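Everything below concerns the one structure shown next.
Numbering (the numbering used here), first residue to last: 182 to 285.
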């Protein structure tokens, strides 16, 4: 549990906002956060299944141009879920570029 800090809303009614011991807002206190998180997870699972079932992407595993000299090739996606602010951008080198979200 964290301490609570009161804030005045637009209607002038005082409401209590849960604040953790380090001064951050507790996400579990936000209305609808569970539904939001459930939907985010469902979207992640759907995209994962879609990538691993897509016939066109699966044909790349056997494409000679991609496997010559380096062995097996596969399309890989790494997922992460976070709450808070983030910066979207491309990270990588001349040979490999990843689209990613970075946050502190």
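Backbone N, C-alpha and C define an ideal beta-carbon position, used for all residues, glycine too. Note that the structure is a prediction, hence the values are computed from the model and not measured.
Rounded separation between residue 206 and residue 266 - CA only: Between the alpha carbons of residue 206 and residue 266 lies a distance of about 13 Å.
As assigned by DSSP and simplified to three states, the class of residue 129: Shown here, the chain extends from 182 to 285; a query on residue 129 therefore has no answer.
First and last residue of the uninterrupted alpha helix (DSSP H) at residue 240: For residue 240, the enclosing alpha helix (DSSP H) has its first and last residue at 236-240.
Contact between the segment 235-249 and the segment 263-277 (3+ Cβ pairs under 8 Å): no
Cut-off 6 Å between Cβ atoms - residues of its own chain near residue 277, not counting five sequence neighbours on either side: none
In DSSP terms, what residue 279 is bridged to: 272
Pick from 256, 247 and 208 that is closest to residue 229, judged by C-alpha positions: 256
Beta carbon of residue 283 nearer than 8 Å to that of residue 273: In this structure, the beta-carbon distance from residue 283 to residue 273 does not fall below 8 Å.
Where residue 211 falls: helix, strand or coil (DSSP): coil
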